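Numbering (the numbering used here), first residue to last: 4 to 97.
Heads up, the beta-carbon is just placed ideally off N, CA and C, and yes, glycines get one too.
Fair warning: this is a prediction, and the values are worked out from it, not measured in the lab.
Working notes, beginning with the structure itself.
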């Protein structure tokens, strides 16, 4: 699923995102992933930065489509969007 999401981000021309490949997690819709003998495995997390709210809502819409087509709970993607009041503008050093 991680590869599917990163391909989606690339297709939608997102340039600013970070991938955290090994995240322990609990959720209401799937088995816990705690990297233990009882609850093996990990989830992944992607943090996306986008200032255009229309583009961000488009990404949420695509993830909703993916979830609607999921065969089971392990294929569901949780996505959240929130506004940031202030941030630094990063400019490349020349």
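Annotation: the region 28 to 95 contains the following complete segments of the alpha helix (DSSP H) (minimum length 4 residues), in chain order: 56 to 71. In its chain, beyond the 5 residues on either side, 49 have a beta carbon closer than 6 Å to the beta carbon of residue 22. As a beta-bridge residue in DSSP terms, residue 21 pairs with 50. In the DSSP annotation of this structure, the continuous segment of the alpha helix (DSSP H) that includes residue 6 starts and ends at 5 to 14.
Between the alpha carbons of residue 16 and residue 95 lies a distance of about 19 Å. Note that the region 75 to 90 touches the region 25 to 44; at least 3 beta-carbon pairs, one per stretch, sit closer than 8 Å.
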